[in-house]
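Participant: One structure coming up, written as structure tokens, with questions to follow.
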Amino acid sequence: MSAIRQRLWWMPFALIVAFMLSAIPLPAMISPFRPDWIALVMIYIAIFTPQRWVLTTAMVAGLLLDVLQGTLLGQHPLALMVCLYAPLKLHLRLTLVPIWQSMLATASALALYQFALFWCNGATGNELGLKAYLAPLVTGTLVWPLLLVGIDILRLERVNSD
Amino acid sequence: MPVSAPGVHRAHHGRLLGLRTFGCIVLCIILMFADQRTDALNTPRGWLMAVTYPLQTLASLPSTFFRWTDDASRSRAELARENMRLRRQQLLANARIQQLNAVRAENDRLRAMLDARPRAGDNVEVARLINVDSDPFRHRITLNKGTSNGVYERQAIIDASGVVGRILKVGPVTSQAMLISDPGHAIQVEVVRNGLRTVVFGIGEFDQLEIRFLPNNADIVVGDLLVTTSLGSDFPAGYPVGEITRFEPRPKQAFARVMVQPSAALTRMREVLLLQPRTNPSDGQSE
Chain V
1 MSAIRQRLWW
11 MPFALIVAFM
21 LSAIPLPAMI
31 SPFRPDWIAL
41 VMIYIAIFTP
51 QRWVLTTAMV
61 AGLLLDVLQG
71 TLLGQHPLAL
81 MVCLYAPLKL
91 HLRLTLVPIW
101 QSMLATASAL
111 ALYQFALFWC
121 NGATGNELGL
131 KAYLAPLVTG
141 TLVWPLLLVG
151 IDILRLERVN
161 SD
Chain F
163 MPVSAPGVHR
173 AHHGRLLGLR
183 TFGCIVLCII
193 LMFADQRTDA
203 LNTPRGWLMA
213 VTYPLQTLAS
223 LPSTFFRWTD
233 DASRSRAELA
243 RENMRLRRQQ
253 LLANARIQQL
263 NAVRAENDRL
273 RAMLDARPRA
283 GDNVEVARLI
293 NVDSDPFRHR
303 ITLNKGTSNG
313 VYERQAIIDA
323 SGVVGRILKV
333 GPVTSQAMLI
343 SDPGHAIQVE
353 VVRNGLRTVV
363 FGIGEFDQLE
373 IRFLPNNADI
383 VVGDLLVTTS
393 LGSDFPAGYP
403 VGEITRFEPR
413 PKQAFARVMV
423 QPSAALTRMR
433 EVLLLQPRTN
443 PSDGQSE
């Protein structure tokens, strides 16, 4: 008889890896296509482990992202709040849907995330090109299935309890 | 903790989710306003920068490693060649410095005759790049020096060949800088040949800057060198900013199209110099 157990350290580990992926310098050619790793990991957390600390975690992760990218403090947490609401609300349904529907849901959450960033940038007078918002949306949706499998492997372990 | 089916948990957020999300959003908006309008959040930002320092160091490990293997795998002959080249370069530089001393002495004499204030020499501090902004449309870099090394906001940064940018945010051990090529950056310059003053804007490209407001009949030719001017600017005077690469009068519009190539190697630098003027920097400049 085997059961599936959740590892304790998976969440900080996944977030640290996501932060590293967001900070690694990339060539200028592919840099615009970098997915929003933090947003993706937070969406995963919101859907699969919607416990008490999701909003707090999102606030802290967003603030760190602000500091890392030199944007206004509060900009990324705001975007995360906007994009996490629906996944949190619908998490029971989203755990059961087939992969393509899951990708669609993620794409719309990421679109909300980018829209919130777009709005913040516009309100504070930092206009960026449209490509800056669309490219991460596309790549983020495409890496979502890989991320699902990856974090599942990281999070769950099979234990034998005879 | 054992779970019955992976992923299905009892959610604890209950009915208050909407309210709490709303509360967080309001908090974020207040934070953004505070950060945009006041300096109150600079200290907390400094602490957070100290927290992200290890993350950035971790993230820069791969490129550091490649650089190291690159250095370690060079052949002896190559190193000898490079050594040779550097020696020659140093010889030339030394010769120039000898001239420079004479010229400086002469300049001091002339200034004394004109009764002008002697020009203060600038101290520099070397800082290493630890991160280049992941956002390709913001030209920002992170340096490994912070308030503990005497770095302050709006401090000027140069490299061996010209002006690089200025410090934007300072943490205890790191600081963030804006390059002159950032779309939000503008710098006062003057043309060496005739002293014409103007402003150079970044346009988000590493090899091009732009002068937006020069009339069509301005006295500019391709190849003119632009240097910093100390008038109303954070930069000490006389550091090269760039060279005019294109001057194209547009008779139908008010201003000519002028492009500038930056002197500094903005994409290839690993270390930069932080200028530390002798005067007290904190005499309350604000934008």
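Quick mapping for you: the protein sequence lines, in order, are chains V and F. Numbered according to our numbering, the first sequence spans residues 1 to 162. Numbered according to our numbering, the second sequence spans residues 163 to 449. Idealized CB from N, CA, C, for every residue including glycine.
Assign F/Phe-227 to one of three DSSP states: helix, strand, or coil.
Facilitator: The answer is helix: DSSP assigns F/Phe-227 an H, G or I state.
Participant: Take F/Arg-412 and list the residues in its own chain whose beta-carbon comes closer than 7 Å to its own, dropping the five residues that flank it on each side.
Facilitator: Here the set comprises Asn-378, Ala-418, Arg-419.
Participant: Which of the three DSSP states, helix, strand or coil, is assigned to F/Pro-377?
Facilitator: Strand.
Participant: Using beta carbons (cut-off 8 Å, strictly below), is F/Met-211 in contact with chain C?
Facilitator: Note that chain C does not occur in the displayed structure, where the protein chains are V and F.
Participant: Find the residues of chain F that neighbour V/Gln-101, judging by a C-beta separation of less than 7 Å, and give them in chain order.
Facilitator: The contacting residues do not exist; V/Gln-101 stays about 15 Å from chain F at best.
Participant: So which of F/Gly-208, F/Ala-322, F/Phe-299, F/Trp-230 has the shortest CA-CA distance to V/Leu-73?
Facilitator: For the residues F/Gly-208, F/Ala-322, F/Phe-299, F/Trp-230, the minimum Cα distance to V/Leu-73 belongs to F/Gly-208.
Participant: Is it true that the region 213 to 223 of chain F meets the region 17 to 26 of chain V, where meeting means three or more beta-carbon pairs spaced less than 8 Å apart?
Facilitator: Flag = yes, the region 213 to 223 of chain F and the region 17 to 26 of chain V touch.
Participant: Flag this pair as yes or no: are the beta carbons of V/Pro-32 and V/Ala-135 separated by less than 8 Å?
Facilitator: Going by C-beta atoms, V/Pro-32 is nearer than 8 Å to V/Ala-135.
Participant: Quick one: list the residues of chain V neighbouring F/Ala-221, beta-carbon separation under 7 Å, in chain order.
Facilitator: What F/Ala-221 touches in chain V: Met-20, Ala-23, Ile-24.
Participant: Considering only their Cβ atoms, is the gap separating V/Ala-58 from V/Arg-91 smaller than 8 Å?
Facilitator: The sequence shown places His at residue 91 of chain V, not Arg. No, the Cβ-Cβ distance between V/His-91 and V/Ala-58 is not below 8 Å.
Participant: Counting only Cβ-Cβ distances shorter than 8 Å, please list the residues of the region 73 to 99 of chain V near chain F, keeping chain order.
Facilitator: Those residues of the region 73 to 99 of chain V that come within reach of chain F (Cβ to Cβ, closer than 8 Å) are Leu-73, Gly-74, Gln-75, Pro-77, Leu-78, Met-81, Val-82, Leu-84, Tyr-85, Leu-88, Lys-89, His-91, Leu-92, Thr-95.
Participant: If the criterion is Cβ atoms closer than 8 Å, does the pair F/Leu-210 and V/Leu-63 meet it?
Facilitator: Yes, the Cβ-Cβ distance between F/Leu-210 and V/Leu-63 is below 8 Å.
Participant: With which residues is F/Gly-366 paired in a DSSP beta bridge?
Facilitator: Paired residue(s): none; F/Gly-366 is not in a bridge.
Participant: Assuming F/Asp-321 and F/Val-422 make a contact with CB atoms under 8 Å, what is their CB distance in whole Å?
Facilitator: Rounded, the Cβ-Cβ distance is 17 Å, inconsistent with contact.
Participant: For F/Ser-222, count neighbouring Cβ atoms within 10 angstroms of its own Cβ and tell me buried if that reaches 16, exposed if not.
Facilitator: Counting Cβ neighbours within 10 Å, F/Ser-222 comes out buried, since at least 16 surround it.
Participant: Taking only beta-carbon positions, decide if F/Arg-207 is within less than 8 Å of chain V.
Facilitator: At least one chain V Cβ lies under 8 Å of F/Arg-207.
Participant: Pull out every residue of the region 214 to 242 of chain F whose Cβ sits closer than 8 Å to any Cβ of chain V, in chain order.
Facilitator: Within the region 214 to 242 of chain F, the residues whose Cβ lies closer than 8 Å to some Cβ of chain V are Thr-214, Leu-217, Gln-218, Leu-220, Ala-221, Ser-222, Pro-224, Ser-225, listed in chain order.
Participant: Distance check for F/Gly-366 and F/Met-194, CA to CA, integer angstroms please.
Facilitator: Cα to Cα, F/Met-194 sits roughly 24 Å from F/Gly-366.
Participant: Could you check whether the Cβ of F/Pro-443 sits closer than 8 Å to any Cβ belonging to chain V?
Facilitator: Here the model assigns F/Pro-443 a pLDDT of 45, short of 50, so the residue's position is not dependable, and the following value carries that caveat. Judged by the 8 Å Cβ criterion, F/Pro-443 is not in contact with chain V.
Participant: Would you say V/Ala-109 lies against chain F (beta-carbon separation less than 8 Å)?
Facilitator: By this cut-off, V/Ala-109 is not an interface position.
Participant: Please determine, among F/Leu-393, F/Lys-414, F/Leu-436, F/Ala-348, the residue with the shortest C-alpha to C-alpha distance to F/Gly-404.
Facilitator: With distances taken between Cα atoms, F/Gly-404 lies closest to F/Ala-348.
Participant: Please look up how many angstroms separate the CB atoms of F/Pro-345 and F/Gly-364, rounded, as I've assumed it's under 8 Å.
Facilitator: Their Cβ separation, rounded to whole angstroms, is 6 Å, which keeps F/Pro-345 and F/Gly-364 in contact under 8 Å.
Participant: Using CA coordinates, which residue listed in V/Pro-27, V/Thr-71, V/Leu-88 is at the minimum distance from V/Val-54?
Facilitator: Of the candidates V/Pro-27, V/Thr-71, V/Leu-88, the one whose C-alpha sits nearest the C-alpha of V/Val-54 is V/Leu-88.
Participant: Inspect the beta-carbon positions of F/Leu-428 and F/Phe-375 and report whether they are closer than 8 Å.
Facilitator: Going by C-beta atoms, F/Leu-428 is not nearer than 8 Å to F/Phe-375.
Participant: Could you tell me the boundaries of the beta strand (DSSP E) in which F/Thr-429 lies?
Facilitator: Element bounds for F/Thr-429: n/a, residue is neither H nor E.
Participant: Within 8 Å of any Cβ in chain F, is that where the Cβ of V/Gln-114 sits?
Facilitator: Not closer than 8 Å to any Cβ of chain F, the Cβ of V/Gln-114 fails to qualify, so no.
Participant: Measure the CB-CB distance between V/Leu-78 and F/Ile-187 and report whether it falls below 8 Å.
Facilitator: Yes.
Participant: What is the DSSP secondary structure of F/Thr-407, reduced to helix, strand or coil?
Facilitator: Here F/Thr-407 sits in strand by DSSP.
Participant: Where does F/Gly-180 sit, in a helix, a strand or coil, going by DSSP?
Facilitator: Helix, per DSSP.
Participant: Given 8 Å as the limit, is there contact between the region 299 to 313 of chain F and the region 336 to 343 of chain F, that is, 3 or more CB pairs closer than that?
Facilitator: A contact exists between the region 299 to 313 of chain F and the region 336 to 343 of chain F.
Participant: Tell me which same chain residues have a C-beta within less than 6 Å of the C-beta of V/Ala-107, skipping the five on either side of it?
Facilitator: Taken in chain order, the residues that qualify are Thr-141.
Participant: Taking Cβ-Cβ distances shorter than 9 Å, what residues in chain F pair up with V/Leu-104?
Facilitator: Residues of chain F passing the Cβ test: none, with the nearest at roughly 18 Å.
Participant: In the structure shown, what three-state DSSP assignment does F/Pro-168 receive?
Facilitator: Low per-residue confidence applies at F/Pro-168: pLDDT is 46, beneath 50, and the placement is therefore not dependable enough to give any value.
Participant: With DSSP collapsed to three states, give me the class of F/Ala-202.
Facilitator: It is coil, neither helix nor strand.
Participant: Helix, strand or coil: how does DSSP classify V/Ile-4 here?
Facilitator: In the structure shown, V/Ile-4 sits in a strand (DSSP, three-state: E or B).
Participant: Could you give the DSSP three-state label for F/Glu-287: helix, strand or coil?
Facilitator: Residue state, collapsed to three classes: strand.
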